[in-house]
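Written below as structure tokens is the structure these notes are about.
Residue numbers (the numbering used here): 16 to 317.
Given below as structure tokens:
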């Protein structure tokens, strides 16, 4: 019983860290949306990765642990980090024009993209249950974007691009997990982003108009770096299948912050589409849990 109680406490701690991570990501998007009204989104992207890289130097301390910088797949590390950088930049450009909840609803399509890509690159089987969930999930995204009928701003296409980049990034993360440690992958994520943005930021640089804006620029790095740190810690304490449903609590945080900071009220079709996307994602998760349980039981009988 004591072992079960300890395991339960460990999983609850993992869930708490996951909820903290998505709340932090909501703060990141809110801060970025405020800043992109005063400066170029690429400058905000630079601040996010430079700040996160500095934070990683203090937390991971690669100077005392140089082995952490050793990777068996350097080109995949660079490619993966570039994909996340592209996803972040596209998202920051999009939220200049979209409400935070609209952008997030589109990005919630990422699990369906990962399921499709996983069948191609990881050899994962996609049965008809998953295809139905994927199809329904994408229909929810269409409800949010309402393409071709004067619905959402064309910037929604940037969110679609961001979701695609993040989906491929997730596949690359799974591949790297087979060879490199989480610390190594996290370090390269921030390093590549910070270096890539240095030559770009000189062409778009606008001095912050106040100390407050300067502080917010620094906070984007903190929110991005600390959010991913909480995410990693949470996955160490609890299985991904246990944590996945709590990703959707980000919609609550994002909608609340969007209303409090920008006065944005979720549109009817955003609410309906988000509900469809979340329901499809939870069904997909439930199905994968059931399949995994069936496989384990079959192996135990052998």
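Ideal Cβ placement from N, Cα and C applies to all residues, glycine included. Since this is a predicted model, take the numbers as computed values, not measurements.
Top-ranked residue by Cα proximity to residue 130, from 119, 144 and 120: 144
Kindly confirm or deny that the region 38–47 and the region 266–284 touch, where touching means at least three C-beta pairs closer than 8 Å. yes
Please specify which runs of the alpha helix (DSSP H), each continuous and at least 4 residues long, are wholly inside the region 147–186, giving them in chain order. none
Helix, strand or coil, according to DSSP, for residue 313 in the structure here? Because residue 313 sits at a pLDDT of 40, beneath the cut-off of 50, its placement in the model cannot be relied upon, and the point is left open.
Mark residue 243 as exposed unless 16 or more other C-beta atoms lie within 10 angstroms of its C-beta, in which case mark it buried. buried
Can you tell me whether residue 251 is buried or exposed, with buried defined as 16 or more other CB within 10 angstroms of its CB? exposed
Which residues in the same chain have their Cβ closer than 8 Å to the Cβ of residue 87, if we skip the five residues on either side of it in sequence? 194 and 195
Output needed for residue 108: all residues of its chain with C-beta closer than 8 Å, excluding positions within five of it in sequence on either side, in chain order. 51, 56, 170 and 173
How would you call residue 292, buried or exposed, if buried means at least 16 neighbouring beta carbons within 10 angstroms? buried
When you compare only the Cα positions, how much space is there between residue 60 and residue 19? 43 Å
Helix or strand or just coil, what does DSSP make of residue 63? helix
Residue closest to residue 178, alpha-carbon to alpha-carbon, out of 102, 230, 70 and 187: 102
If you draw a straight line from the alpha carbon of residue 113 to that of residue 239, how long is it in whole angstroms? 20 Å
So, for residue 221: in the same chain, excluding its five sequence neighbours on each side, which residues have a beta-carbon less than 8 Å away from its beta-carbon? 53, 54, 55 and 58
Does DSSP classify residue 308 as helix, strand or coil? At residue 308, the pLDDT of 49 sits below 50, so the modelled position is not reliable; the number obtained from the coordinates is stated separately. Note: residue 308 maps to helix in three-state DSSP.
Secondary structure of residue 53, DSSP reduced to three states: coil
Separation of residue 225 from residue 23, as counted between CA atoms: 47 Å
Helix, strand or coil: which one does DSSP assign to residue 88? coil
So, is residue 265 buried or exposed, given that buried needs 16 or more other C-beta atoms within 10 angstroms? buried
Going by beta carbon distance, what residues of the same chain come within less than 7 Å of residue 121, once the five residues before and after it are set aside? 156, 159, 160, 171, 174, 175 and 178
Every unbroken beta strand (DSSP E) inside the region 232–289 [3 residues or more]: none
Which class does residue 110 belong to by DSSP, given the choice of helix, strand or coil? coil
Mapping DSSP to helix, strand and coil, what is residue 48? helix
Among 203, 116 and 168, whose alpha-carbon lies nearest the alpha-carbon of residue 83? 203
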